[in-house]
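To convert, note that position 442 of the sequence shown is 450 in my numbering; the numbers rise steadily by one, no gaps. Reviewing the structure listed below.
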Amino acid sequence: MAPTFAGGPPIPGSALAQRQFQGNAVQDIAALKAILPSDRFDKQERTVEGPPLEQYFFDAQSSAASNEPDILVPNDSPANGRWLRLKPSGGVPASHAPSHAAQTGSDKLSTGAAGAIAVGDSAAVGTAETFARSDHKHSLAAPGVPANVTKAAAAAGVAAEAARADHKHDIATAVPVPIGVTNSEGVATELARADHKHDHGAQLIGTHHAAAVPAGANGFMTGADKTKLDGIATGADETGANPPQAHAPSHAAATGPDALSTAAAGAIAIGDAAAAGAAETFARSDHKHSLAVPAAPANVTKAAAAAGAAVQAARADHKHDIATGTPGSITDSTNAEGAATSLARSDHQHEHGSRSGGTLHPDAVNLGASGFMSGGDKAKLDGIPATADETGANPPQAHAASHVGGDSIQNATAAQKGLATAAQITKLDDLNSQASNTVSTTDATTTTIATIPIAEASVNLIEARCLARRTDSNENAAYIRKVVVLRDGAGVATLLGAQDGTLTRENDNQWDCNLVVAGNNVLVRVTGRAGRSIDWKSFHELRTIT
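Next up, the structure:
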């Protein structure tokens with residue numbers, strides 16, 4: 009189909025000029041929009057594209073009633089159908105202006121962006137319903153870096169991008185190969201740089217260079233020259249026609265017309281044999297031989313003496329360490345030198361150990377030296393009762409009724425150790441025990457701080473004093489609790505009456521301290537509070553009678 013101007017007459021010669029007008033009439037804009045834009049034509053074969061369809065109105069009439077622009081919808085038979093007149097609200101121009109502004113005026117043309125151009129694209133009219141402006145541009149993708157030039161075959165390439173006018177190709181290069189025997193173009197696709205170098209390589213063909221000429225050009229040695237050279241003794245420096253000349257009576261080491269060559273003297277090592285040497289040079293009168301710096305000498309041990317194998321000499325002030333070890337325990341056997349190669353330090357010690365031999369020490373002597381107990385003394389000791397404190401020859405003497413003054417043992421006082429009095433014993437019997445315990449709490453769980461066992465067949469008065477202090481705040485408490493606990497025979501312990509809460513002082517009334525009976529024990533139990541870190545300490549006294 010040839011293109012037409014939107015809202016204008018068909019291009020001359022267009023197939024649209026021969027179109028048959030027939031179709032079903034549409035009644036509203038919605039029905040018109042449902043028809044493809046390419047099928048919307050008026051009687052002058054102009055496609056119905058714009059302005060927006062909402063700006064048109066319909067007028068039903070006979071197909072022959074008017075020559076004004078009408079729209080003919082497909083399948084509307086001219087015999088019985090109706091024509092719908094389609095007019096822009098501003099009117100339809102009778103003819104186009106001789107020129108059109110691209111996007112302005114009442115007879116404007118639709119335009120769009122030009123497409124991209126790529127290398128290899130074929131020419132084409134295109135299918136767009138819009139036009140290009142006179143100053144339009146086609147996009148041309150920026151190219152990448154061009155490929156390296158090599159000795160490979162030329163190729164047109166497959167890239168769709170065009171190359172810039174000032175583009176530049178790199179040339180692939182590589183290291184050249186060593187010189188060969190014959191010329192060869194090679195097969196590498198890389199090229200050589202202008203300052204490249206070839207390795208000479210091992211060239212074994214004697215004709216590659218000219219032979220050396222006496223008093224002339226340098227070159228390869230000829231076979232005749234090699235034969236002559238092989239016939240001269242190694243180190244030869246004279247012939248019959250050129251006998252040795254007398255040396256000067258004295259020589260400067262390396263100066264003057266008759267100088268002698270000198271060189272550094274060699275190193276000296278222990279064990280070297282004397283030798284005249286083989287060097288072709290001389291040593292100066294103030295020469296020195298190197299003497300290697302020695303390592304630290306070996307430790308001295310009780311191992312056999314050895315000359316050693318080191319070639320370095322030891323310094324005059326060198327020092328050997330002495331290998332030492334821990335001595336063994338004393339034994340009941342005879343003396344022995346031992347087999348260890350290490351030695352003992354002067355302050356070493358031997359473990360005595362458990363000795364079983366009774367003859368290793370002398371027996372104890374009555375009123376004399378100490379020593380081992382003899383068998384007779386052991387038999388005598390076994391015949392004396394363990395609690396014996398008197399004999400018939402030494403009966404016990406009566407003690408004084410009290411111990412004071414010059415008596416050998418005094419009564420105990422607050423400031424003086426001694427024998428306890430009856431009153432003190434009674435008091436101690438009455439005060440059976442006193443103890444203190446500590447615990448920490450961080451929540452409201454009841455915790456046992458002390459356990460007090462109750463004796464069989466006893467009456468007990470227990471008093472507990474509890475102190476508490478919060479570790480992260482200034483909160484404190486103090487409690488005094490008393491209970492009387494009975495235990496008949498081997499039965500369980502029971503309270504006689506209720507607990508006496510003598511004292512309660514606290515910043516937080518959720519804290520507490522109590523005495524409870526559990527089996528044959530009395531428990532001192534404390535209760536803190538959630539979110540509080542509290543340190544507790546209890547002091548309890550037990551007074552009992554059985």
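Here a beta-carbon is modelled for each residue, glycine too, at the ideal position from N, C-alpha and C.
DSSP three-state assignment for residue i, whether helix, strand or coil
| i | result |
| --- | --- |
| residue 190 | coil |
| residue 132 | coil |
| residue 215 | helix |
| residue 327 | coil |
| residue 545 | strand |
| residue 231 | helix |
| residue 392 | coil |
| residue 268 | coil |
| residue 428 | coil |
| residue 534 | strand |
| residue 203 | coil |
| residue 420 | coil |
| residue 458 | strand |
| residue 433 | helix |
| residue 520 | strand |
| residue 117 | coil |
| residue 526 | strand |
Reference residue i; option with closest CA among the options
| i | options | result |
| --- | --- | --- |
| residue 301 | 215, 352, 276 | 276 |
| residue 498 | 477, 529, 476 | 529 |
| residue 281 | 319, 520, 310 | 319 |
| residue 184 | 196, 176, 331, 178 | 196 |
| residue 188 | 176, 213, 204 | 213 |
| residue 219 | 384, 210, 233, 206 | 233 |
| residue 461 | 534, 500, 148 | 500 |
| residue 286 | 243, 303, 279, 312 | 243 |
| residue 311 | 457, 396, 423, 331 | 331 |
| residue 453 | 506, 539, 387, 426 | 539 |
| residue 166 | 296, 172, 154 | 154 |
| residue 457 | 444, 468, 469, 464 | 444 |
| residue 268 | 211, 293, 309, 279 | 293 |
| residue 279 | 315, 335, 503 | 315 |
| residue 354 | 347, 345, 335 | 335 |
| residue 204 | 127, 182, 504, 425 | 182 |
| residue 527 | 551, 478, 511, 464 | 464 |
| residue 307 | 481, 321, 326 | 326 |
| residue 491 | 551, 322, 426, 211 | 551 |
Alpha-carbon spacing of residue i relative to residue j, whole angstroms
| i | j | result |
| --- | --- | --- |
| residue 129 | residue 208 | 54 Å |
| residue 459 | residue 531 | 5 Å |
| residue 485 | residue 548 | 17 Å |
| residue 186 | residue 202 | 16 Å |
| residue 329 | residue 350 | 11 Å |
| residue 22 | residue 170 | For residue 22, the predicted model reports a pLDDT of 35, less than 50, meaning its position is unreliable and no value from the coordinates is stated. |
| residue 449 | residue 509 | 22 Å |
| residue 271 | residue 289 | 6 Å |
| residue 381 | residue 420 | 39 Å |
| residue 191 | residue 162 | 25 Å |
| residue 230 | residue 304 | 60 Å |
| residue 117 | residue 42 | 24 Å |
| residue 393 | residue 522 | 52 Å |
Proximity of residue i and residue j at Cβ, strictly below 8 Å
| i | j | result |
| --- | --- | --- |
| residue 180 | residue 198 | yes |
| residue 524 | residue 493 | no |
| residue 338 | residue 356 | no |
| residue 546 | residue 474 | yes |
| residue 447 | residue 544 | yes |
| residue 291 | residue 317 | no |
| residue 122 | residue 159 | no |
| residue 174 | residue 156 | no |
| residue 489 | residue 466 | no |
| residue 168 | residue 149 | yes |
| residue 455 | residue 513 | no |
| residue 142 | residue 124 | no |
| residue 372 | residue 378 | yes |
| residue 515 | residue 471 | no |
| residue 135 | residue 120 | no |
Residues that residue i bridges to, as DSSP identifies them
| i | result |
| --- | --- |
| residue 484 | 477 |
| residue 508 | 490 |
| residue 469 | 492, 551 |
| residue 299 | 276 |
| residue 513 | 486 |
| residue 445 | 546 |
| residue 308 | 330 |
| residue 502 | 494 |
| residue 157 | 179 |
Residue-chain proximity (residue i, chain C), Cβ-Cβ < 8 Å
| i | result |
| --- | --- |
| residue 314 | Protein chains in the displayed structure number just one, and chain C is not present. |
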